[in-house]
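Under the numbering used here, think of the first position of the sequence shown as 22, with each following residue one higher.
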Amino acid sequence: MRKVVVAAAIVRGGRVLAARRTTPPEAAGRWELPGGKCEPGEPPTAALEREIAEELGCDIEVTTWLEGATPIGETHELRAALARLTRGEPEPTEHDEVRWLAPDELDTVDWLEPDRPFLPELRFALEHAASLARGGNGTRRVIVFDEDDARAVEQRLRGDGFDAEVVRERLQGEDDDEDHPWAVLTDAPSLVADVLADEFDGWLDEEPEQPAPRAGSPLDLPTAPRRIKRTDA
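Right, dumping it as structure tokens:
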């Protein structure tokens, strides 16, 4: 019976995290979904969460396992899972580079052979996630004025089990001395997002019915948002 190696397709904002190997020599410079071997008796989900914490210094939650498994040599097999970040940012310790890849960028890196069979299903999942991140049905933007507030909103939402990502976008048509708002993209329900927006003196931008722009287009924040008077102004 083959021993199990697990890999994480960490998805955020319609992109997946890829990591570049440094060892062994035959794999150096090639890309993989990060992960590692299951310890004896260790469940695959627990193994994957442990490996990511060790390799990347962040916490993840496995959301679903991708179909199938691929052989690694004569003794091991690779299984891959979709996952989301719940704490921290990936900081590689065993890889020399990481990249967030969009669906149309999956073919721009040289993947290791065991990872390649998972790419079609991963591409489909990324296209769906990218549609949400661009403002499709189910995604909302909590707009706040300070980065610290945006990070706090992001962590609150992730802690409650929702996807969240901070992006910085300058409102169109504002003067140079205006505050530059930060947006937290999330799939949290409107009620949850609106409460956080009010708590951090921001506003909720929600346009779920508008069609998403083409892939790769920049994220557009509203040109005439509902502004909330700041108490410290």
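C-beta: ideal position from N, C-alpha, C; glycine also.
Go ahead and pull the three-state DSSP assignment for residue 39.
Position 18 of the sequence shown, counted from the start, is the residue given in the question as residue 39. Per DSSP, reduced to three states, the secondary structure at residue 39 is strand.
Could you check what DSSP says for residue 61 in three-state terms: helix, strand or coil?
Here residue 61 refers to the residue found at position 40 of the sequence shown. Reduced to three states, the DSSP call for residue 61 is coil.
Quick check on the burial criterion: 16 or more other C-beta atoms within 10 angstroms. Buried or exposed for residue 196?
By 1-based counting over the sequence shown, the position of residue 196 is 175. For residue 196, the predicted structure reports a pLDDT of 47, less than 50, and the residue's modelled location is therefore unreliable. A value from the coordinates is still provided. Counting other Cβ atoms within 10 Å of its Cβ, residue 196 stays below 16 and is therefore classed as exposed.
Sheet register partners of residue 122 (DSSP bridge):
In the sequence shown, counting from the first residue as 1, residue 122 sits at position 101. Its beta-bridge partners are 37.
Going by DSSP, what residues sit across from residue 129 in a beta bridge?
As a position in the sequence shown, residue 129 is number 108, starting the count at 1. Bridge partners of residue 129: none, in fact.
Around the C-beta of residue 207, are 16 or more other C-beta atoms found within 10 angstroms, so that it is buried, or is it exposed?
Position 186 of the sequence shown, counted from the first residue, corresponds to residue 207. Label assigned to residue 207: buried.
Judging by CA-CA distance, which residue of 62, 72, 123 and 88 is the nearest neighbour of residue 112?
To locate residue 112, count along the sequence shown from 1; it is residue 91. Closest option to residue 112, Cα to Cα, is 72.
Using a 10 Å radius around the Cβ and a threshold of 16 neighbouring Cβ atoms, would you call residue 17 buried or exposed?
Since the displayed the chain opens at 22 and closes at 254, residue 17 lies outside it and no answer follows.
Grouping DSSP H, G and I as helix and E and B as strand, with all else coil, what is residue 67?
For the purposes of this step, residue 67 is taken as residue 46 along the sequence shown, with counting starting at 1. It is helical.
Cβ neighbours of residue 175 in the same chain (closer than 6 Å, five flanking residues each side left out):
Position 154 of the sequence shown, counting from 1, holds the residue named residue 175. Cβ neighbours of residue 175 beyond the five flanking positions: 185, 187 and 205.
Just to check my reading of the structure: residue 57 and residue 27 have Cβ atoms closer than 8 Å, yes? What is that Cβ distance to the nearest angstrom?
For the purposes of this step, residue 57 is taken as residue 36 along the sequence shown, with counting starting at 1. For the purposes of this step, residue 27 is taken as residue 6 along the sequence shown, with counting starting at 1. Right, their Cβ atoms sit about 7 Å apart.
Member of 163, 100 and 161 whose CA lies at the smallest distance from the CA of residue 142:
Here residue 142 corresponds to residue number 121 of the sequence shown, with the count starting at 1. Residue 100 holds the alpha-carbon nearest to the alpha-carbon of residue 142 among 163, 100 and 161.
With burial defined as no fewer than 16 other Cβ atoms inside 10 Å of the residue's Cβ, what is the status of residue 135: buried or exposed?
For the purposes of this step, residue 135 is identified with residue 114 of the sequence shown, where counting begins at 1. Classification of residue 135: buried, given that the 10 Å Cβ count is 16 or more.
Considering Cα atoms alone, identify which of 179, 108, 67 and 62 is closest to residue 79.
Looking up residue 79 in the sequence shown gives position 58. Minimum Cα distance to residue 79 is reached at 108.
Using C-beta distances below 8 Å, list every residue in its chain close to residue 83, excluding the 5 sequence neighbours before and after it, in chain order.
The count along the sequence shown starts at 1 and reaches residue 83 at position 62. In its chain, beyond the 5 residues on either side, 29, 66, 69, 70, 102, 103 and 104 have a beta carbon closer than 8 Å to the beta carbon of residue 83.
Ordered along the chain, which non-local residues of its own chain (more than five positions away) have a Cβ less than 7 Å from that of residue 227?
As a working note, residue 227 is residue 206 in the sequence shown. Once the five neighbours on either side are set aside, the close Cβ partners of residue 227 are 161 and 211.
Report buried or exposed for residue 182, applying the criterion of at least 16 other Cβ atoms within 10 angstroms of its Cβ.
For the purposes of this step, residue 182 is taken as the residue at position 161 of the sequence shown. With fewer than 16 other CB atoms across the displayed protein chains lying within 10 angstroms of its CB, residue 182 is exposed.
Could you pull the DSSP bridge partners for residue 207 from this structure?
Translated into positions along the sequence shown, residue 207 becomes position 186. DSSP output for residue 207 lists 161 and 185 as bridge partner(s).
In the DSSP assignment, what residue or residues form a beta bridge with residue 226?
As a first step, residue 226 is located in the sequence shown; it is residue number 205 there, counting from the start. DSSP lists 162 as partners of residue 226.
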